[in-house]
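One structure is given here, and the rest of the page talks about it.
Residue numbers (the working numbering): 1221 to 1623.
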């Protein structure tokens, strides 16, 4: 290993087959962060009504959060590269708690926006350094699995945290939801303080200028493009999944909620399985994941109108939609270790940004499709086209690797 981080702890971890306790601390924190990211969608009508703003204006709370992640994360990760990893993790959870605490008492929409941006900054840096810390806790052949365990917190948040947080907001007001998420942040902070080992070291010291060479490295740029296309393709249809299930599949609103929970369970399963299969050869695993994801989206185009076949296809889609996350993160870390040692955290941060760019592209493309003559039923196959483009980029990366 070229990175000091991984070399320091992989030997310790190799002596045990158990999941390191520190991984659970990262997972708990990821759960809180995932909840605060997605729960706002269900709270938009409540927030808009309380602050006397339109729902489209309230929608800025979603998009500006993503901007905070996509733009702030790489910059802040680079600027904080000299801070000890465990200490930085504690600082990030403090920022997360402050952001959600500020949101809970925000006297105006502007204050709430600022609180969301602060939380978005914490989100992006957490998942970038969290990925490298998770990989550092286990042997080299288990790194993708470790990353997937951390990201399980994010996927479980979609299944449980978001519905429960939305319910709390509807019953006790949206401010109560942010108080609850801040409490999750406190639990994550205490867990990290106790369970994350002190010997997690930073990468080799690299100047700020050299760290940003990440965005000029062709191999890494291809990896970021894979992330944006492969992940974004799912969100073309996922963004409009509820109306698809109601208008095309013909399910009731109550049944749609049940199906979305099943979809979330599939995401969690796929995330863990994806981590296992990507442990040794992430690029090869990603190629097959993208191929299967493309096929599933194309099949859903034809099965969406049938309740039974549609739900079965949707479960498979869910399992594949997050399965590529651990492999993409691991592949980026491996490339940065090989070509730009010391930039692992920044490269990981740019990949987190690429995920959010993919979400934005997918959601925007889906909106254009829905408003066009193609309609809702076209969103799955349009999403498949984006994932197919990721297949092409993956093949190019594989060809370069062989050379």
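Ideal Cβ positions, reconstructed from N, Cα and C, are used throughout, including at glycine.
Determine the DSSP secondary structure at residue 1343, reduced to helix, strand or coil.
helix
Using 8 Å as the threshold, is the region 1277-1293 in touch with the region 1323-1341, meaning 3 or more CB pairs across them?
yes
What are the uninterrupted segments assigned as alpha helix (DSSP H) that are 4 or more residues long and contained completely in the region 1354-1436, given in chain order?
1363-1376, 1382-1392, 1394-1415, 1428-1431
Of all the alpha helix (DSSP H) runs that stay within the bounds of the region 1473-1555, which reach a length of 4 or more residues?
1473-1497, 1502-1523, 1527-1541
Length at least 4, wholly inside the region 1554-1594: the alpha helix (DSSP H) runs in chain order:
1564-1591
Hey, residue 1454 and residue 1603 are a contact pair by Cβ (cut 8 Å); roughly how many whole angstroms apart?
6 Å
Give me the residue from 1527, 1439, 1518, 1507 with the minimum Cα distance to residue 1471.
1527
Between the Cα of residue 1331 and those of 1514, 1319, 1446, spot the shortest distance and give me the residue it belongs to.
1319
Does DSSP put residue 1306 in a helix, in a strand, or in coil?
helix
Should the region 1485-1497 be regarded as contacting the region 1604-1623, the criterion being three or more beta carbon pairs within less than 8 Å?
no
Entirely enclosed alpha helix (DSSP H) segments - the region 1244-1316, minimum 4 residues
1275-1278, 1280-1287, 1293-1299
Distance between residue 1499 and residue 1310 (C-alpha atoms, nearest Å):
28 Å
Out of curiosity, what's the CA-to-CA distance linking residue 1520 and residue 1575?
23 Å
Mapping DSSP to helix, strand and coil, what is residue 1596?
helix
Give me the residue from 1251, 1570, 1621 with the minimum Cα distance to residue 1374.
1251
Sequence-distant residues of the same chain with beta carbon closer than 7 Å to residue 1404, five excluded per side:
1251, 1252, 1255
Check whether the Cβ of residue 1342 lies closer than 6 Å to any heavy atom of the ligand NAP, and answer yes or no.
No copy of the ligand NAP appears in this structure; indeed no ligand is present at all.
Can you tell me which of the three DSSP states residue 1451 falls into?
helix
Nearest by alpha-carbon distance to residue 1514: which of 1525, 1539, 1616 is it?
1539
Between the CA atoms of residue 1317 and residue 1509 - distance to the nearest angstrom:
36 Å
Is the CB-CB distance between residue 1517 and residue 1600 below 7 Å?
yes
For residue 1327, three-class secondary structure by DSSP
coil
Backbone secondary structure at residue 1321 - three-state DSSP:
helix
Roughly how many angstroms separate the alpha carbons of residue 1295 and residue 1475, rounded to a whole number?
43 Å
Is the number of C-beta pairs between the region 1344-1351 and the region 1295-1309 that are closer than 8 Å three or more?
yes
Which residue wins for smallest C-alpha separation from residue 1417, given the options 1542, 1289, 1304?
1304
Beta-carbon separation of residue 1578 and residue 1448 under 7 Å?
yes
Buried or exposed: where does residue 1436 fall if 16 or more other Cβ atoms within 10 Å of its Cβ makes it buried?
exposed
DSSP on residue 1240, reduced to helix/strand/coil?
coil
Relative to the C-alpha of residue 1612, which candidate in 1480, 1511, 1591 has its C-alpha closest?
1511
Within its chain, find whatever has a CB closer than 6 Å to the CB of residue 1266; leave out the 5 residues flanking it on each side and keep chain order.
1389, 1394
Give me, in chain order, the residues of the same chain whose beta-carbon lies closer than 7 Å to that of residue 1580; leave out the 5 immediate sequence neighbours on both sides.
1286
Taking Cβ positions, are residue 1495 and residue 1365 nearer each other than 7 Å?
yes
Can you give me the Cβ contacts of residue 1497 inside the same chain, cut-off strictly under 7 Å, excluding the 5 residues immediately before and after it?
1505
Rounded distance between the beta-carbons of residue 1412 and residue 1245, thought under 8 Å
5 Å
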